[in-house]
Structure formats: structure tokens, C-alpha cells
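Number 56 in the working numbering belongs to position 35 of the sequence shown; there are no gaps in the numbering. Note that beta-carbon positions come from the ideal geometry of N, C-alpha and C, so glycine has one too. In this text, all values refer to a predicted model and were calculated from it rather than measured experimentally. Presented below is the structure to which this report refers.
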Amino acid sequence: MIAGCKTPPATSSRSRTCSPCSSRLARWLPSRIGRTRNLGNAAPTGVNERYGDSTITHGWYDSEPRFSFDCMAYYKDLTRYEYSNDPFKRAGELYNVGWLERCASYPKGAIDPDMTAKLLALCKFPVNRYMGWHGCHFCSECPLRITDSEGEFCLGDGEIRVPAKDERVTYVAPNLIYHYVVTHEYLPPDVFLDSLRALSVPNPAVVWILEWIEGFQNQPPILSHLLDWIVRRDKPSLPAELRGSVLEAANELKVAVGSDAQEQAENIVNRLKSLLTKR
Ligand SMILES: [Zn+2]
Numbered sequence: 022m023i024a025g026c027k028t029p030p031a032t033s034s035r036s037r038t039c040s041p042c043s044s045r046l047a048r049w050l051p052s053r054i055g056r057t058r059n060l061g062n063a064a065p066t067g068v069n070e071r072y073g074d075s076t077i078t079h080g081w082y083d084s085e086p087r088f089s090f091d092c093m094a095y096y097k098d099l100t101r102y103e104y105s106n107d108p109f110k111r112a113g114e115l116y117n118v119g120w121l122e123r124c125a126s127y128p129k130g131a132i133d134p135d136m137t138a139k140l141l142a143l144c145k146f147p148v149n150r151y152m153g154w155h156g157c158h159f160c161s162e163c164p165l166r167i168t169d170s171e172g173e174f175c176l177g178d179g180e181i182r183v184p185a186k187d188e189r190v191t192y193v194a195p196n197l198i199y200h201y202v203v204t205h206e207y208l209p210p211d212v213f214l215d216s217l218r219a220l221s222v223p224n225p226a227v228v229w230i231l232e233w234i235e236g237f238q239n240q241p242p243i244l245s246h247l248l249d250w251i252v253r254r255d256k257p258s259l260p261a262e263l264r265g266s267v268l269e270a271a272n273e274l275k276v277a278v279g280s281d282a283q284e285q286a287e288n289i290v291n292r293l294k295s296l297l298t299k300r
């Protein structure tokens, strides 16, 4: 973790670095075989790279730019989300918003301060966190840091997800979207802004726990560690009325052993999930 960044443990096997910070992140990253080739706009097919036990396929700039190189990504607004390979994180009707690069123009305009504040609340505590940072393609700072009344945060290490008002689709944006809007005048699509306007921002600590349950419910020691970690955090802060239950689940998962350990863990996790989702 970079000193000064309030970044939680990454939960994605996909790693992203940018040159200014890659050396400091080296200990976080799985061994990388080969390097991303900078192929500009011309290549017609794809290239696979191994990141630990994961393979990442980089697409090309073609008639419909989808993915670029040197640790940067572009997806046209309102195209289908495809960044994550994780079936859980790709489940449902997901659409891209705010995946900007300098290779493509984007709409500009101003949004209401209330909306900017909501974006900030979401972007400070992203989901689907990566094991590195994606820098702003229009600036040189990486990781990109912001400061508010809660302290300093780094952007570029995860996503925000905003469900539509009817919840039939969800919009997925990199948490750099806050910076794009505030600094580079990016104007997100109306459907996204309408959804954001209607959104009641969830408690980020609860969101993280639900994400961890999906990712680590079959690995009780890891889940136990994460639950214990979030209880002790003040940013984001778990609601006081949930702290006891989450800590209890962490302790129970820690001692779940024996032939029925997995069954014990499932019961603990289901109980906790039920508690968190009925709020
Ligand atoms: Zn920038």
C-alpha cells in the first residue's frame, strides 16, 4: 500500500499499475510474464497476458475502441461492461460509464453539486478494487489523490456501481469518474445522472462486506480477517449497531474447523448476509 493512501485490500486478481507507482506496488503484484505492448491504434486482434493465475486479453482500437494499452482502459459510454472477468462482478445488465482515455473525445458539461457530492461518496470507497492504480489519462499524477473532510483518498483503484431507478440495469464507472467530472468537465449520460440522483448511497463498509462474502465465502480465514479489519476501520465506518454482529461472525469464522467447517462457515455467512441486506 502506498503511504498515505487509504486503500483497502484489493479483491480483484486483475492488476493495474502505472509507471510512477509500479515499483512501490511491486510487492502487491503477482509475477508478470511478458509486458504489455504499446501497439497504438492499428493492431487487428488481441494479446493474452498472464497475471499470476489469470489471463487478461487486451483488445484493440478498431471501429469500436474497447481497451487500450499501457495500463489504461477506454470503453464507450453505455456499452456492455466487460472489464472484470469475475462472473459475480459481471453478473446482470451492466453498462459502462466514464471509462475515459485521451484517444476518444467525451461530452463536456457541468453537473449539480449535489450529484458531485454523491459521486465523491461512492468513489472514495470503490468496489471491485484492483491491485494497483489506474492513472488519469489527462494528468500525470498516479495514484490520483483527493482530500475532503475525511482525509486523503486515492482514485483509480476500483469501480462504482449505480443501479438504474428501475434496477433493471446497473451503470459501472471507474472511481476516477469523480476526477473526470470535477477536473475535466466530463458529462456522464443522462440515464446515469438520473440514476445517481435517485440513489440512496449505501454504507460503503456494508457494501464491502457483501462483496467480500461473495468473493471469500469459501475461504473462512480470509473472510474472518477482512471482517475483523473493517470493524476496526473508521473510514469507512461500519454502523455501530452492526459492529457486534460482524465481529462475532469474524470470530466464529476464525474457529470454524473440523469436517463440517465449510457448513459452519456457510451458516455464519448466510446469517450475516441476511442481517446486512435487510437494512
Ligand atoms: Zn486528470
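Exposed unless 16 or more other CB atoms sit within 10 angstroms - verdict on residue i
| i | result |
| --- | --- |
| Pro-195 | buried |
| Gly-172 | exposed |
| Pro-164 | buried |
| Phe-174 | buried |
| Asp-98 | buried |
| Pro-128 | exposed |
| Pro-242 | exposed |
| Val-193 | buried |
| Cys-124 | exposed |
| Glu-273 | buried |
| Ala-112 | exposed |
| Cys-144 | buried |
| Ile-54 | Unreliable placement is indicated for Ile-54, whose pLDDT of 24 sits below 50; no coordinate value is reported for it. |
Cβ neighbours of residue i in the same chain (closer than 6 Å, five flanking residues each side left out)
| i | result |
| --- | --- |
| Leu-293 | Ala-270 |
| Asp-281 | none |
| Leu-247 | Trp-233 |
| Pro-225 | Phe-146, Pro-257 |
| Asp-83 | Low confidence applies here, because Asp-83 scores a pLDDT of 28, under 50, leaving its location unreliable and the question unanswered by this model. |
| Asp-249 | Ala-271 |
| Lys-275 | Ser-245 |
Contact set for residue i: own chain, Cβ-Cβ below 8 Å, skip 5 residues either direction
| i | result |
| --- | --- |
| Gln-238 | Leu-244, Ala-286, Glu-287, Val-290 |
| Val-228 | Phe-146, Val-148 |
| Leu-1 | Outside the modelled stretch of the chain, which goes from 22 to 300, sits residue 1, for which no answer is possible. |
| Val-314 | This structure gives no information on residue 314, because the portion of the chain shown stretches from 22 to 300. |
| Phe-109 | Glu-235, Gly-236 |
Beta-carbon separation (whole angstroms), residue i vs residue j, contact threshold 8 Å
| i | j | result |
| --- | --- | --- |
| Phe-146 | Val-183 | The pair is not a contact, with the Cβ atoms about 14 Å apart (cut-off 8 Å). |
| Thr-191 | Leu-115 | 5 Å |
| Ile-181 | Ile-167 | 14 Å between Cβ atoms; not a contact. |
| Val-252 | Leu-268 | 5 Å |
Cβ shell of residue i (< 7 Å), same chain only, five flanking positions each side left out
| i | result |
| --- | --- |
| Pro-210 | Asp-98, Leu-99, Val-118 |
| Ser-295 | none |
| Tyr-201 | Gly-119, Leu-121, Tyr-207 |
| Ala-63 | Caution is warranted here: a pLDDT of 28 is assigned to Ala-63, below 50, making its placement in the model unreliable, and no coordinate value can be reported. |
| His-158 | Met-93, Leu-121, Glu-122, Arg-123 |
| Asp-215 | Lys-186 |
| Asp-133 | none |
| Ala-21 | The first residue shown for the chain is 22 and the last is 300, placing residue 21 beyond what the model contains. |
| Met-260 | Going by the sequence as given, residue 260 is Pro instead of Met. So the qualifying residues of the chain are Asn-224. |
- [ ] Just list the alpha helix (DSSP H) runs in the stretch 184-226, keeping only unbroken ones of 4 residues or longer that don't cross its boundaries, in chain order.
- [x] 198-205, 211-219
Task: ligand 1 site residues, beta-carbon cut 6 Å against heavy atoms - done: Cys-157, Phe-159, Cys-160, His-200, Thr-204, His-205
Task: Segments assigned alpha helix (DSSP H), at least 4 residues, entirely inside the stretch 223-253 - done: 225-237, 241-252
TODO: Would you list, in sequence order, the uninterrupted alpha helix (DSSP H) runs of no fewer than 4 residues that lie entirely inside the stretch 83-141?
DONE: 108-111
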